[in-house]
Amino acid sequence: MKIFNPRHFLRYIAIPVLQDFVSVHPLGVHLTLDWNVPEKIARKALADAVDALQTKLQDDLSLTTAQKVELEEGLFSWNETLRRARITGTEAGAREFALALAHDAAAIDHLQGLDPREQALWVLAHHEQTFRDIELHLAFRAKSDGRAWDQNEVLANLVPHLDRESLEAFKQDVAALYQKSGAGIGSHIEVSHYGADGSIQFTLYVEGPITTIAQFRKHDFKRIVTRIALENALVYHPKSGVVETVVKGGKDNHKKVIALFGKHLVKTELDPQPITPSRFRLGALSDGLLAPKEDWSTQGIQKVRLRRAKFTPADQRSSAIQIEASPEANREDAIYVARDKLKVAHSFDTEFEMDRATLMVYTRDQQSRREGHFSFDVYASGSTTIKNLSHRNQLLAQCVMRGLGIVESPGAAA
């Protein structure tokens, strides 16, 4: 488990950005700092000052109850804000901030030249609602293609009712779905607008079953009884009529949540039609990685190898087999290792079907001539791990997918 360390995060934030953040944060009134000292000393002084406030909260008996509450809330907000900025301060987050604030020339000008973590911290301090919308959007995208994710097609151009009464009815009925499993009646909903494609996201938190958690509070170890929030979400795309859902509790709950969305928010009975992802043609790799359909050298791609391949028997009467090639760039691909090791009675193609492939891409930057590599998984069912790559490598991976004939349309490999 990776524990967030505020001191470590502060190393990546420039002093002007830190000074601006401290000036608007509630904890700033308790901090007296000299920002004219060298950056390394200023960062350490800031972290030490926050630690001193934490010690003061625990040991200073002269503090009134109101002062303790104010200081405790400020310290919690400080650590939570930095943690959220660390999670959202990525290349993907920076792209989303640019899209969301495209109409604000002053904000875009301010973000120019900032590190993604600095951008996240500034947006959180000065455009909190925009930050929250992007934070929820990225969290949802991270769960897409997961076990709890599903997508269906309903009617396009529906206009959700966002009045308090409709939202209350929607979240309460969603919470009721979990009460048979021991969940409580408490619920919370957040509405986020995503301007890039006009989609609207409803994030629902449901009071989960009773559980116990262990925690330290003021140096004492305790087990407390609590209810962990169950997080669900629904994203509606008005232009296409597509509804994406991340819902716990199985397939039936996805349909029930969409039905409740129709009943309470769009006031229309919906008949969701499942959207099945197009299968990838991994059979195109069965003869090895032939010459691509497009020139990769202009993209900075030197070579592509089939690093791993998983084969499923066509008759489904035996176990799947995974073949792994050497990590060395000049060695044979996994398909040739498979042909050498798999002994079949008839043809290889009819006996085994490729179910999963790991493609390794070797790159060279055209300006710096620096070499590198990355890899991604492709599943015959229609999913990939491309979204886990950097933005540049995502584009290269999609180029490779098209070049090898695994997909045809430019967006199919996303």
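Each residue of the sequence shown is one higher than the last, beginning at -7 in the numbering used here.
C-beta: ideal position from N, C-alpha, C; glycine also.
ask   = Taking the alpha-carbon positions, what's the K48 to S54 distance?
value = For the purposes of this step, residue 48 is identified with residue 56 of the sequence shown, where counting begins at 1. For the purposes of this step, residue 54 is identified with residue 62 of the sequence shown, where counting begins at 1. The alpha-carbon atoms of K48 and S54 are separated by roughly 10 Å.
task = Grab me the residues of T218's own chain with a C-beta within less than 8 Å of its C-beta, minus the 5 sequence neighbours each way, in chain order.
result = Sequence index remark: in the sequence shown, residue 218 carries index 226 (1-based). Only I202, T203, T204 and I205 meet the Cβ criterion.
key: Whole alpha helix (DSSP H) elements within the segment 178 to 260, 4-residue minimum   = For the segment 178 to 260, the continuous alpha helix (DSSP H) assignments of 4+ residues that do not extend past its boundaries occur at 243 to 256, in sequence order.
ask   = Any heavy atom of the ligand SAM within a distance shorter than 8 Å of the CB on R133?
value = With respect to the ligand SAM, the structure shown offers nothing to examine, as it has no ligands at all.
query = Which parts of the segment 120 to 154 are runs of the alpha helix (DSSP H), unbroken and 4 residues or longer, counting only runs that do not cross its ends?
reply = Fully contained in the segment 120 to 154 are the following alpha helix (DSSP H) runs of length 4 or more, in chain order: 120 to 135.
ask   = Can you tell me where the beta strand (DSSP E) with G364 in it begins and where it stops?
value = The residue given as residue 364 occupies position 372 in the sequence shown. Where G364 is concerned, the enclosing beta strand (DSSP E) starts and stops at E363 to Y371.
query = Using the C-alpha atoms, what's the distance from L257 back to A86?
reply = In the sequence shown, counting from the first residue as 1, residue 86 sits at position 94. In the sequence shown, counting from the first residue as 1, residue 257 sits at position 265. A straight line joining the alpha-carbon of A86 with that of L257 spans about 31 Å.
request  = Might you give, ordered along the chain, the residues of its own chain that have their beta carbon closer than 7 Å to the beta carbon of P108, omitting 5 neighbours on each side?
outcome  = Sequence index remark: in the sequence shown, residue 108 carries index 116 (1-based). Once the five neighbours on either side are set aside, the close Cβ partners of P108 are G81, T82, E83, G85 and A86.
query = Nearest to P8 by CA position, among K135, V29, D165 and L91, is which residue?
reply = Looking up residue 8 in the sequence shown gives position 16. Sorting K135, V29, D165 and L91 by C-alpha distance to the C-alpha of P8 places V29 at the top.
Simplified DSSP state of E31, which is helix, strand or coil = Locating residue 31 in the sequence shown gives position 39, counting from the first residue. The three-state secondary structure of E31, taken from DSSP, is helix.
ask   = Short check: CB of N71 to CB of V166, under 9 Å?
value = Mapped onto the sequence shown, residue 71 falls at position 79. Mapped onto the sequence shown, residue 166 falls at position 174. At a Cβ-Cβ threshold of 9 Å, N71 and V166 do not count as neighbours.
query = Between V227, Q164, D263 and P152, which lies nearest to S191 when the distance is taken from Cα to Cα?
reply = By one-based count along the sequence shown, residue 191 stands at place 199. Cα-wise, what sits closest to S191 is V227.
inquiry  = Please tell me whether H246 and A117 are closer than 9 Å, where the distance is taken between their beta carbons.
reply    = As a position in the sequence shown, residue 246 is number 254, starting the count at 1. As a position in the sequence shown, residue 117 is number 125, starting the count at 1. No, the Cβ-Cβ distance between H246 and A117 is not below 9 Å.
request  = Note down the Cα distance separating S15 from R271, rounded to an integer number of angstroms.
outcome  = Position 23 of the sequence shown holds residue 15. Position 279 of the sequence shown holds residue 271. Spanning the alpha carbons of S15 and R271 requires a straight line of approximately 53 Å.
Contact between the segment 138 to 158 and the segment 90 to 100 (3+ Cβ pairs under 8 Å) = Judged by Cβ distances under 8 Å, the segment 138 to 158 makes no contact with the segment 90 to 100, as fewer than three pairs qualify.
query = How close, in whole Å, do the beta carbons of Y170 and V146 come, if the pair is a contact with beta carbons under 8 Å?
reply = Residue 170 sits at position 178 when you count from the first residue of the sequence shown. Residue 146 sits at position 154 when you count from the first residue of the sequence shown. Taking a contact as a CB-CB distance under 8 Å, the pair Y170 and V146 does not count as one, their CB atoms being some 23 Å apart.
request  = Evaluate S184 with the Cβ neighbour count: other Cβ atoms within 10 Å of its Cβ, from every protein chain shown; 16 or more gives buried, anything less gives exposed.
outcome  = In the sequence shown, the residue the question calls residue 184 occupies position 192. Buried: at least 16 other Cβ atoms inside 10 Å.
ask   = Buried or exposed: A148, going by 16 or more other Cβ atoms within 10 Å of its Cβ?
value = To locate residue 148, count along the sequence shown from 1; it is residue 156. Under this definition A148 is an exposed residue.
For A321, the first and last residue of its enclosing alpha helix (DSSP H) = To locate residue 321, count along the sequence shown from 1; it is residue 329. Per DSSP, A321 belongs to no alpha helix (DSSP H) and is neither H nor E.
task = Confirm, please, whether the CB-CB distance from A301 to R408 is below 9 Å.
result = With the chain running from -7 to 406 in the structure shown, residue 408 is simply not present.
message = Please state the DSSP three-state secondary structure of S339.
response = Locating residue 339 in the sequence shown gives position 347, where the first residue counts as 1. Unreliable positioning characterises S339 in this predicted model, as indicated by a pLDDT of 46, which lies under 50. The coordinate reading is nonetheless provided below. The three-state secondary structure of S339, taken from DSSP, is coil.
key: Rounded Cβ spacing between Q11 and W27 (contact assumed at less than 8 Å)   = Counting from 1 along the sequence shown, the entry for residue 11 is found at position 19. Counting from 1 along the sequence shown, the entry for residue 27 is found at position 35. Between W27 and Q11 the Cβ distance is about 5 Å, and since that is below 8 Å, they are a contact.
request  = Measure the beta-carbon distance from E110 to I33 and round it to whole angstroms, keeping in mind my assumption that it falls under 8 Å.
outcome  = By 1-based counting over the sequence shown, the position of residue 110 is 118. By 1-based counting over the sequence shown, the position of residue 33 is 41. Contact doesn't hold; Cβ gap of about 19 Å is too wide.
task = Could you please give me the residues that DSSP links to T350 through a beta bridge?
result = Translated into positions along the sequence shown, residue 350 becomes position 358. Beta-bridge pairing links T350 to R300 and D369.
inquiry  = By the three-class DSSP mapping on this structure, what secondary structure does T355 have?
reply    = Indexing the sequence shown from 1 puts residue 355 at position 363. Strand.
Inter-residue Cα distance where the pair is A39 and R356 = Counting from 1 along the sequence shown, the entry for residue 39 is found at position 47. Counting from 1 along the sequence shown, the entry for residue 356 is found at position 364. Roughly 40 Å separates the two Cα atoms.
inquiry  = Measuring straight from C-alpha to C-alpha, what distance separates D244 and I177?
reply    = Translated into the one-based positions of the sequence shown, residue 244 becomes position 252. Translated into the one-based positions of the sequence shown, residue 177 becomes position 185. Spanning the two alpha carbons is a distance of roughly 20 Å.
request  = Below 8 Å on the Cβ atoms is my guess for A326 versus I315; work out the distance and round it to an integer in Å.
outcome  = Taking the sequence shown and counting its residues from 1, one reaches residue 326 at position 334. Taking the sequence shown and counting its residues from 1, one reaches residue 315 at position 323. Confirmed, about 5 Å.
ask   = Taking the C-alpha atoms as reference points, what is the distance between K379 and A58?
value = The residue given as residue 379 occupies position 387 in the sequence shown. The residue given as residue 58 occupies position 66 in the sequence shown. Between K379 and A58, the alpha-carbon positions lie close to 47 Å from each other.
query = So what does DSSP say about I267, is it helix, strand or coil?
reply = Your numbering for residue 267 matches position 275 in the sequence shown. Secondary structure at I267: coil, using DSSP grouped into helix, strand and coil.
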